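Note sheet for the following structure.
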Amino acid sequence: MQLNKPVVGGPCWAELSTTDLESAERFYAELFGWRSETDPRQGAGGYSVARLGDAAVAALSPLYQEGGAVAWNVSFGVRDADETAREVTKAGGTVLLGPTDVFDMGRFAVAADSSGAPFSLWQPRAFEGADLFNAPGSLGWVELLTREPARARDFYTTVFGWTVNVSRYYTQWGIADADFGGMTEMDDKFPPEVPPHWLPYFAVADVDGTAATATRAGGTVLMAPTSVPDGPRIAVLRDPQGAVLGVHRSGHEG
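Position one of the sequence shown corresponds to residue 470 (my numbering), numbered consecutively onward.
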């Protein structure tokens, strides 16, 4: 992405909800070199921050509620979570949880866009979001997969004011034309039971090596390493608990 820090309207954090936190911590430590620190505060619920050195790059968490989906979730920074939640509803989306305070760290809400893809809103206080973007092991891109691209475009440009860069092959989202993500239309290659969703891509030095590491660590390669025309080399992986994520070669942002 062409952003190097959290900004209002842009992706600021990626968070895994999983059924087996210890297993997930081992998998991502092997995949990206993450070191996980569990928040010891009462009420944190086992929430763990993944770090590269001292830099916070993502989070790993038990499921928020029993029966919830194992998945990666993307958070977008906002000035006012309550006001943005109201904008989500007016634009045809749904507020699924909150807004609510998270200690002194910030205020968040979980929402779904007008096509049903879930995402989170983050109003920062003590915690801005990820300390690092685009470096190996950190968030480098976010992609919306939806069956209703026109409806999604209207929703996100209304709620966040994103700029839209449309090429022959791909639609990219931006903040004042600094692109940070994209949108893919879900066609017949996607089983009907796969819902619309946001997919985080993490930067890596070696996509092929990372895919091989994922397999050795108990994960699955859903899309083999592929070089995108005029773009980076990418792959899509699934971790041992079923959460899907992408990886791309570092140095090819935006």
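No residue lacks a Cβ here, since even glycine has one placed at the ideal position from N, Cα and C.
This structure is a prediction, so every number in the text was calculated from the model and none was measured.
query, result
"For R718, count neighbouring C-beta atoms within 10 Å of its own C-beta (all shown protein chains included) and say buried if the count is 16 or more, exposed if not.", "buried"
"What does a CB cutoff of less than 8 Å around A463 pick up in its chain, not counting 5 residues either side in sequence?", "Only positions 470 to 723 of the chain appear in this structure, which leaves residue 463 out of reach."
"Is V539 helix, strand or coil when you go by DSSP?", "coil"
"Let me make sure I understand the geometry here. Which of A519, A581, D600 has the alpha-carbon closest to that of F496?", "A519"
"Check L529 in the structure and name its three-state DSSP category.", "strand"
"Got a sec: does the ligand PLP put a non-hydrogen atom nearer than 6 Å to the Cβ of S696?", "The ligand PLP is not part of this structure, which contains no ligands at all."
"Mind checking which residues open and close the alpha helix (DSSP H) that includes V676?", "676-685"
"In the DSSP assignment, the beta strand (DSSP E) including E506 goes from what residue to what residue?", "504-507"
"Identify whether R576 lies in helix, strand or coil by the three-state DSSP scheme.", "strand"
"If you follow the beta strand (DSSP E) that L566 is in, where does it begin and where does it stop?", "563-571"
"To which residues of the same chain is R504 closer than 6 Å at the C-beta, ignoring the five residues directly before and after it?", "R520"
"Starting from the Cα of V435, find the closest Cα among G598, V564, F629 and give me that residue.", "Outside the modelled stretch of the chain, which goes from 470 to 723, sits residue 435, for which no answer is possible."
"So, using beta-carbon positions, are W591 and G546 closer together than 7 Å?", "yes"
"State yes or no: is the C-beta of A681 within less than 7 Å of the C-beta of M692?", "no"
"To which residues of the same chain is A528 closer than 8 Å at the C-beta, ignoring the five residues directly before and after it?", "W482, A483, E484, L485, Y516, S517, V518, A519"
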